[in-house]
Amino acid sequence: FSKMSEEKGMKTAFIEYLDSNGVLLRSNRLPIAGADAIDYLIQQNDTDYTLTWEPSHGTVAQSGDLGYTYGIYALRPSRKDTIIYGTYVSIWKKQKDGTWKYVLDSGNEGIGDARNEE
């Protein structure tokens with residue numbers, strides 16, 4: 002998912018992995034769900050930055066059909082040397098074809114330089 006975001010852009014990756022009933026929680030917005038979430042993602046301009054992330058932890062329910070990951074993301078604006086770090090959590094649902102798509106995604110900005118806090 003992160004590799005696709007890095008190679009093809011955040012928009013492409015987030016749309017590809019979004020469950021049809023998925024929900025996005027974003028700063029200063031009400032929850033965005035389903036088709037509205039896809040519309041929101043389509044409107045995003047992701048050509049001025051690269052978004053990557055790495056899970057710190059994740060687990061799958063005993064039933065094998067639901068799981069979560071959380072970790073740290075890095076947002077790199079194209080024209081700056083700055084990297085903006087934040088935290089994220091994604092809840093994943095196993096699809097009928099065996100693939101996983103997220104049903105909830107949320108992130109928070111502002112943790113400073115994550116490399117110095119570990």
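Each residue of the sequence shown is one higher than the one before, starting from 2 at the first, in my numbering.
All C-beta atoms, glycine included, are put in the ideal place defined by N, C-alpha and C.
Would you kindly report the start and end of the unbroken alpha helix (DSSP H) that includes residue i?
i      : result
THR13  : 11-18
GLY111 : Note, GLY111: premise wrong, no alpha helix (DSSP H); not H, not E.
LEU42  : 35-43
With a threshold of 16 other CB atoms inside 10 Å of the CB of residue i, please say whether the residue is buried or exposed.
i      : result
GLU119 : Confidence at GLU119 is low in this model, with a pLDDT of 48, below 50, so the placement of that residue should be treated as unreliable; the coordinate-derived value is given next. GLU119 comes out exposed.
ILE73  : buried
ASP106 : buried
GLY113 : exposed
SER91  : buried
Taking the straight line between their C-alpha atoms, what separation do you get for residue i and residue j?
i      : j     : result
GLY108 : THR51 : 15 Å
ILE16  : GLY68 : 19 Å
SER79  : ASP49 : 5 Å
THR70  : TYR41 : 23 Å
GLU110 : ALA75 : 10 Å
By the DSSP assignment, the beta strand (DSSP E) with residue i in it spans what residues?
i     : result
ILE73 : 67-78
LYS95 : 85-95
GLY99 : Where GLY99 is concerned, there is no enclosing beta strand (DSSP E), given that its DSSP letter is neither H nor E.
LEU31 : Unbroken run through LEU31: none, as it is neither H nor E.
Mind checking whether residue i and residue j have CB atoms under 7 Å apart?
i     : j     : result
ASP47 : GLY10 : yes
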